[in-house]
Structures are given as structure tokens and as C-alpha cells.
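K.L.:
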Amino acid sequence: MAVDLHSHTVVSDGALTPRELVELAAERGLTALAVTDHDAIDGVAPARAAAPPGLEVIVGVELSCRIDEREAHILAYGVDPEDAALRAALATFAAQREARAREMVERLRGLGIEIEFEDVQRASGAGTIARPHVAQALVGRRVVETVDQAFRRFLGRHAPAYVEKPRLDPREACELVVAADGVPGLAHPGTFRRDDLIPALVEAGLEALEVRHTEHSQAATRHYEAMARRLDLLPTGGSDFHGTPGHRSRLGTPEVPDAWAAALVARSRARG
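In this note's numbering, the protein residues as written are 7 to 278.
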């Protein structure tokens, strides 16, 4: 049996609707799938409603955080999607993301580029607005040919239209997740590239570590599996599937043991 504990839908920056995502998961033979959109949880209910028998949809969300001037993503597994404090935090995130996108549009206009915020809204559909939607709007306006080009020329960290994104303190994020009966884990530590900060995240409440990920080499996977054992963290893994052009993740890859999903669900249910 196979599981995938990291995936995205159109609710954040993925290409597939929740229904399309679970249909693909079933085609791939998955028995469990965590839907973990960026700072948004509204894709979980439609994913669960559309999931065929034999596919468990695990509630999830990927929270944007910052520690020591470094971006960190906290994966929240098994949270109560109706938890008031969590929903309030996500609503604040959504408002801040919209304000960020508006500022990016204004900076682009200041560069002489013809673009409107409505272009970004159309790109995002009903989902939470994110930087890739600004990039898609630039493609739609034929300012650039690809999303990657939009990031390189205008939206990357050191590019002229970049605006810092809102982030939580990791301790605040972990406390929020646990209070909502969830399990907080660090996403893709291999791209986080600050192993020295992981003990501080554990002290802040981290309980899991994504040891298997699309961007992890075999050596990195072994390294983080050993770290998870050493720090007494639950091991997790997932594809970080987006389904967008240029994103090399494949749903269901790398292989993740179903026992890892079961352990996350069990800890979450013990809290509820």
C-alpha cells in the first residue's frame, strides 16, 4: 500500500481541483493522501467528498513560517478543519496574501508593465492568491513566456517586484496545530538547509519530519531518517505534488510506508 503525505490543489498553488487530485491518487493506487495546501484548508472537504472507497484523505495544511531569517514550512497533519483559532489564522493569511499580491502588481505597474489585480484574481480562481498567480498573470499578459521567466525577471527574492510574504513564528504555528488536534512536522528539510535550526524547532513543538521528499536524494533521505530517530520525531514523506508545468513532483513518489500515515492519524485522533 502507498501513501502521499504532501500535496497541493488549486486552493493554493496546485494545478488540479480537489476532485481531480483524489481521482489521480486513486489511479496511482494510493490508500491515503494528505491534502496540504499552502496556508489554506478549504480543499480538504471537497477532496474528502470526492474520494473513492479505499482512499483516506488526511486533513492537512502547509503553514508558512520564519526562523532566524529563514523560511520554514510547517506541515499540519490531522487538524480539525473547523477549529476556530486555526481558521482565523488562515483567514488572516489569505488577507495578507491578497495585500502582498496587490503590492506586487503596483510594483510591476511602476516598472511600466500593464497588469491589473483582476488578472491575478482570474489566475487564482477561487483559491488563495499566491505568487505563482502573479506569474501566471504576467504570462497571460504576454510580458513573459513562462512562469519561471516571471520569477527570474520580476518576482524572485531579489527581483524588482518581490514582496516578502507573511509568515508565522514556528512556536506559534506548532501551538496552533496542536491546539487543533493536529501534528506539526517540518516540510522538506533538505531544501530548508538549516539542520542546525531543527532542534530549536523541536523545542518549539515540532513532532514530525518529512524525511522523504521529491527533492531529497537517497543520501539526504537516510540522513533525515536517522535525524528523526535521534530527535524522536515521527517520520513523514510525500511528493509535494503541484501538477504545474515545470514542477517535477509525481503524486505517490517517493514511496512512503502506510505505517507512517497511520502513526500521524493515531496521534491526531488521540488529541481529539
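The beta-carbon is built from N, C-alpha and C at its ideal position, and this holds for glycine as well.
Nearest to Arg236 by CA position, among Ala268, Asp264 and Asp201, is which residue?
P.N.:
The count along the sequence shown starts at 1 and reaches residue 236 at position 230. Measuring from the Cα of Arg236, the nearest candidate turns out to be Asp201.
K.L.:
Which residue from Leu117, Gln127, Ala97 and Gly118 puts its Cα closest to that of Arg108?
P.N.:
Residue 108 sits at position 102 when you count from the first residue of the sequence shown. Of the candidates Leu117, Gln127, Ala97 and Gly118, the one whose C-alpha sits nearest the C-alpha of Arg108 is Gln127.
K.L.:
Counting along the chain, where does the alpha helix (DSSP H) carrying Asp125 start and finish?
P.N.:
Walking along the sequence shown from the start, residue 125 turns up at place 119. Run containing Asp125: Phe123 to Ser130, per the alpha helix (DSSP H) assignment.
K.L.:
Along the beta strand (DSSP E) that carries Ile135, what are the first and last residues, could you check?
P.N.:
For the purposes of this step, residue 135 is taken as the residue at position 129 of the sequence shown. First-last for Ile135: undefined, no H or E at that position.
K.L.:
So, with DSSP's three-state summary, where would you put Val217?
P.N.:
Position 211 of the sequence shown, counting from 1, holds the residue named residue 217. The answer is strand: DSSP assigns Val217 an E or B state.
K.L.:
Going by beta-carbon coordinates alone, are Leu257 and Asp10 separated by less than 7 Å?
P.N.:
Stepping through the sequence shown from its first residue, residue 257 is reached at position 251. Stepping through the sequence shown from its first residue, residue 10 is reached at position 4. The answer is yes: Cβ separation under 7 Å.
K.L.:
Excluding five sequence neighbours on each side, which residues of the same chain lie with their C-beta closer than 8 Å to the C-beta of Val262?
P.N.:
Numbered from its first residue, the sequence shown carries residue 262 at position 256. Cβ neighbours of Val262 beyond the five flanking positions: Ala8, Val9, Asp10, Leu11, Arg218, Thr242, Gly243 and Gly244.
K.L.:
When you compare the CB positions of Cys356 and Ala210, do they come within less than 7 Å of one another, or not?
P.N.:
An answer regarding residue 356 cannot be provided, because it is not within the stretch 7 to 278 covered by the chain.
K.L.:
Could you check what DSSP says for Pro59 in three-state terms: helix, strand or coil?
P.N.:
Numbered from its first residue, the sequence shown carries residue 59 at position 53. It is coil, neither helix nor strand.
K.L.:
Which ranges does the alpha helix (DSSP H) cover as unbroken runs of at least 4 residues, wholly within the stretch 55-105, from first to last along the chain?
P.N.:
Fully enclosed alpha helix (DSSP H) runs of 4 or longer: not present.
K.L.:
Would a C-beta distance cut-off of 7 Å place Leu81 and Ala193 closer than the cut-off?
P.N.:
Numbered from its first residue, the sequence shown carries residue 81 at position 75. Numbered from its first residue, the sequence shown carries residue 193 at position 187. Cβ atoms of Leu81 and Ala193: closer than 7 Å.
K.L.:
Quick one: give me the first and last residue of the alpha helix (DSSP H) that Asp201 is part of.
P.N.:
Reading the sequence shown from its first residue, position 195 is the one you call residue 201. It is not in any alpha helix (DSSP H) - Asp201 carries neither H nor E in the DSSP assignment.
K.L.:
To the nearest angstrom, report how far apart Thr23 and Thr15 are at their CA atoms.
P.N.:
Mapped onto the sequence shown, residue 23 falls at position 17. Mapped onto the sequence shown, residue 15 falls at position 9. Going by the C-alpha atoms only, they are around 5 Å apart.
K.L.:
Please identify the residue among Thr259, Pro172, Gly188 and Ala226 whose C-alpha is closest to the C-alpha of Val280.
P.N.:
Here the chain covers residues 7 to 278 and nothing more, so residue 280 does not appear.
K.L.:
Pick helix, strand or coil for Thr242, following the three-state DSSP scheme.
P.N.:
On the sequence shown, residue 242 is found 236 positions in, with the first residue counted as 1. Residue state, collapsed to three classes: strand.
K.L.:
Taking the alpha helix (DSSP H) that Pro24 falls in, what are its first and last residues?
P.N.:
For the purposes of this step, residue 24 is taken as residue 18 along the sequence shown, with counting starting at 1. Residues Pro24 to Glu33.
K.L.:
Going by Cα to Cα distance, which pick from Ala226, Ala136, Asp264 and Ala91 is closest to Glu279?
P.N.:
The chain is shown from 7 up to 278; residue 279 falls before or after that span and cannot be answered.
K.L.:
State yes or no: is the C-beta of His44 within less than 7 Å of the C-beta of Ser18?
P.N.:
Counted from its first residue, the sequence shown places residue 44 at position 38. Counted from its first residue, the sequence shown places residue 18 at position 12. Cβ distance < 7 Å, so His44 and Ser18 count as in contact.
K.L.:
For the beta strand (DSSP E) holding Pro176, just list the boundary residues, first then last.
P.N.:
One-based indexing of the sequence shown puts residue 176 at position 170. Annotation for Pro176: no beta strand (DSSP E) segment contains it, though the alpha helix (DSSP H) segment containing it runs Pro176 to Ala185.
K.L.:
Does DSSP put Gly118 in a helix, a strand or coil?
P.N.:
Taking the first residue of the sequence shown as position 1, residue 118 is located at position 112. Three-state DSSP puts Gly118 in coil, outside helix and strand.
K.L.:
If you reduce the DSSP assignment to three classes, tell me which class Arg159 lands in.
P.N.:
Position 153 of the sequence shown, counting from 1, holds the residue named residue 159. Residue state, collapsed to three classes: helix.
K.L.:
For the stretch 163-179 against the stretch 112-124, are there 3 or more C-beta pairs whose distance is under 8 Å?
P.N.:
yes
K.L.:
By how many angstroms is the C-alpha of Arg106 removed from the C-alpha of Glu112?
P.N.:
Taking the sequence shown and counting its residues from 1, the one referred to as residue 112 is at position 106. Taking the sequence shown and counting its residues from 1, the one referred to as residue 106 is at position 100. Near 10 Å, if we compare the C-alpha coordinates of Arg106 and Glu112.
K.L.:
What is the DSSP secondary structure of Pro172, counted as helix, strand or coil?
P.N.:
As a first step, residue 172 is located in the sequence shown; it is residue number 166 there, counting from the start. The answer is coil: DSSP assigns Pro172 none of H, G, I, E or B.
K.L.:
Going by other Cβ atoms of all chains shown within 10 Å of its Cβ, with 16 needed for buried, is Ser255 buried or exposed?
P.N.:
By one-based count along the sequence shown, residue 255 stands at place 249. By the Cβ-count criterion, Ser255 is buried, with 16 or more other Cβ atoms from all chains shown falling within 10 Å of its own Cβ.
K.L.:
Would you list the one or two residues that DSSP bridges to His44?
P.N.:
If you number the sequence shown from 1, residue 44 lands on position 38. Answer is Glu68, bridged to His44.
K.L.:
Would you mind giving the Cβ-Cβ distance between Leu30 and Leu61, rounded to the nearest angstrom? I have them listed as a contact below 8 Å.
P.N.:
The residue given as residue 30 occupies position 24 in the sequence shown. The residue given as residue 61 occupies position 55 in the sequence shown. Not a contact, Cβ separation roughly 11 Å.
K.L.:
Sort Leu161, Thr197, Ala276 and Ala136 by Cα distance to Phe99 and report the nearest one.
P.N.:
In the sequence shown, residue 99 corresponds to position 93, counting from 1. Comparing Cα positions, the closest option is Ala136.
K.L.:
Output needed for Arg147: all residues of its chain with C-beta closer than 8 Å, excluding positions within five of it in sequence on either side, in chain order.
P.N.:
Indexing the sequence shown from 1 puts residue 147 at position 141. Cβ-Cβ distances below 8 Å link Arg147 to Ile119, Glu120, Ile121 and Asp125 in the same chain, with the five nearest sequence neighbours on each side left out; the list follows chain order.
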